[in-house]
Amino acid sequence: MQAVNVRLIQITLLAVILGGWQLGVTTGVIDRFFFPAPLDIVQQVVTWVIDPGFYKHVGITLSETVLGYLIGTGLGVAAGVWLGLSPFTARILDPFIKAINAIPRVVLAPIFVLWLGLGLWSKVALAVTLVFFVTFFNAMQGVREVNPVVLSNTRILGARRSDLLRHVYFPAAASWILSSLRTSVGFAVVGAIIGEYLGASAGLGYLIARAEGNFDAVGVFAGIIILAVFVLIIDLLLDVAEKRLITWRPKAGEERPA
Amino acid sequence: MSIAAAKIEAVPQPGLPPMVTIDDVTMAFGSFVAVENVNLTVGNGEFLSIVGPTGCGKSTILNAIAGLLKPAKGQVSIDGAQVKSVQNNIGYLFQQDALLPWKTAFQNVELGLMFRGVPVEERRVKVMAWLEKVGLKGFEGRFPHQLSGGQRKRVQMAQALITEPKVILMDEPFSALDIHTRHLMQNELLRLWQEDRRAVVMITHDLEEAIALGDRVVVLAAGPRSRVIESFGVDLERPRNVSEIKLDPKFMTLYRDIWASLRGEVEKSYASR
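Heads up: the sequence lines are chains U and P, in that order.
The opening residue of the first sequence carries number 961 in the working numbering; numbering runs sequentially from there.
The opening residue of the second sequence carries number 302 in the working numbering; numbering runs sequentially from there.
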């Protein structure tokens, strides 16, 4: 009953906001140039969604996101596990890592465009720089926090260094990485969109930038809505992936007592 | 007095060839000396219990046998070979959970054989046999968090014993379990050990456990600079039932004698805090 009530209130609230907005635009209280009518925005979204050409843009943003995520995670895990295992190197590299991490990643976009052109790879590179550090710090933490008793036990059972990496260190790092999956995928999306926004010939970020260039507020708002849906769908997929991947971890309240 | 006591050489029951020899071993961390001049011999097939007050450096002796820590002085050898690095011919039962949380019971038990390159099919047969032996048939697909504390201990036992180690080391293996589970696990352990007697070194602060399980009980002095102060043979018949043996008059006599020796050390260890 409570749940139904909450839903009802939410829908009413949405109707009031959108209805008021629409009413404001039609009566002229709200300036159509800055805040286009909701119906116009919906119409624009529908026009895009039924146009097959639109999916080329979605596909490009999606591939940038996925590539950026995969490459960034791969590099981050490798570097994190390596530095987690050799504290000496980690101490040497620490100030450099901090310095690089301190650079706002957006300012790197022009350099990547210069190096890699206006195509896909400059966006992937931007996404990689964002994703890398999230995974890197998590993987390093994961390796450092491996239980020493578990480590001793595995060594006594006959594990060589490569066995330890495969059966102890990587899984330990992986659990931390999975817990940061949401954040890092979010960063990959941001990297791809910003890259497109700053200079591209296709992609969702490009659609928004183009609309903005034409003073087409309807296009900008429609782009924002599509992006939101895009991220929501990715989030749903991650939810499923997370449940599949970490079967070994206790769900809340499932832990058995001694 | 203390010099004379330090020279006590604890020898195994007659007739057993030595399996573990601890020869004049001193374990130190920087300037802190945990144990000093320890001499101990564990016979093949002998169950040795080591008791001592908390913080007397009992665990460092086990870690020296396992090769996880290097003695500052003296040497340890297993079956005649000097221990220089981490040993693979031993089984170590830790006090804490030592299972890999991301592997199922089956995969955890399988580890030792896998690292030794045993073929998959042979591994599967052995692991299933061991899981059945420790009473976990049907639980092979469970992850450690889906098992109770006692079940996790069983998995650890199977994991440590499947490689047929020459020596089994135990560091207060059951202290985290409730009393009923503990008795159950102790009996279980004795049953497994009885099948195929190997040298065992068990550390505990529970004197009842030490006597009920062991062939011999060695008492360590209060730390730091702990050493062996006395060694008692336990001539109780096997097979034993851990929960009933405590009513045996011989058990009570032994308990009184060993406690007389241990008590002073326990008091010392509290006084020095």
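C-beta: ideal position from N, C-alpha, C; glycine also.
- Inclusion of V1041(U) and Y1129(U) in the CB contact set at 7 Å is warranted, their separation being smaller than that value.
- Along the segment 962-992 of chain U, there is no position whose C-beta sits under 8 Å from a C-beta of chain P.
- Spanning the alpha carbons of F993(U) and Q1004(U) requires a straight line of approximately 15 Å.
- Collapsing the DSSP output to three states places S532(P) in a strand.
- Within the segment 375-406 of chain P, V387, Q388, N389, I391, Y393, F395, Q397, A399, L401, P402, W403 place their CB atoms closer than 7 Å to a CB of chain U, listed in sequence order.
- Contact between the segment 1107-1118 of chain U and the segment 1046-1062 of chain U is not established, with fewer than three Cβ pairs separated by less than 8 Å.
- Per DSSP, the continuous beta strand (DSSP E) segment holding P319(P) begins and ends at 319-330.
- Secondary structure at G515(P): coil, using DSSP grouped into helix, strand and coil.
- Within its own chain, the residues whose Cβ lies closer than 8 Å to the Cβ of D324(P), once the five positions on either side in sequence are excluded, are N340, G375, Q376, V377, S378, listed in chain order.
- In the three-state scheme derived from DSSP, where H, G and I count as helix and E and B as strand, E337(P) is classed as strand.
- What V1106(U) touches in chain P, judged by beta-carbon distance under 8 Å, is nothing: the nearest beta carbon there is about 10 Å away.
- Take the alpha-carbon of S350(P) and the one of A461(P): they are about 18 Å apart.
- When the alpha-carbon of W1136(U) is set against those of R1126(U), V1145(U), F1097(U), S1122(U), the nearest one is in F1097(U).
- Only residues of its own chain outside the window of five on either side were considered, and among them M320, K467 have a CB closer than 7 Å to the CB of D380(P), listed in chain order.
- According to the DSSP assignment, V428(P) belongs to the alpha helix (DSSP H) that extends over 421-434.
- A459(P) has a beta carbon lying at 7 Å or more from every beta carbon in chain U.
- For G413(P), the chain U residues whose Cβ falls inside 7 Å of its Cβ are L1117, G1118, in order along the chain.
- The CB of N1113(U) comes closer than 7 Å to the CB of Y393, F395, A399 in chain P, given here in chain order.
- Here L394(P) is buried, its C-beta having at least 16 other C-beta atoms within 10 Å.
- In the assembly as shown, S532(P) is a buried residue. Its beta-carbon has 16 or more other beta-carbons within 10 Å.
- The three-state reading of DSSP puts V1073(U) in helix, counting H, G and I together.
- Inclusion of G1165(U) and E1172(U) in the CB contact set at 7 Å is not warranted, their separation being larger than that value.
- The beta carbon of A367(P) sits closer than 7 Å to some beta carbon of chain U.
- E433(P) has its alpha-carbon roughly 41 Å from the corresponding atom of V567(P).
- Within chain P, the residues whose beta carbon sits less than 8 Å from that of V1128(U) are L401, listed in sequence order.
- With a threshold of 16 other beta carbon atoms within 10 Å, L401(P) meets it and is buried.
- About 20 Å separates the beta carbon of S386(P) from that of D472(P), a gap too long to meet the 8 Å contact definition.
- Residues of the segment 463-477 of chain P that bring their beta carbon within less than 8 Å of a beta carbon in chain U comprise T464, A477, in sequence order.
- For T405(P), no alpha helix (DSSP H) encloses it, and the DSSP letter there is neither H nor E.
- In terms of Cβ geometry, V410(P) and V428(P) form a close pair [threshold 7 Å].
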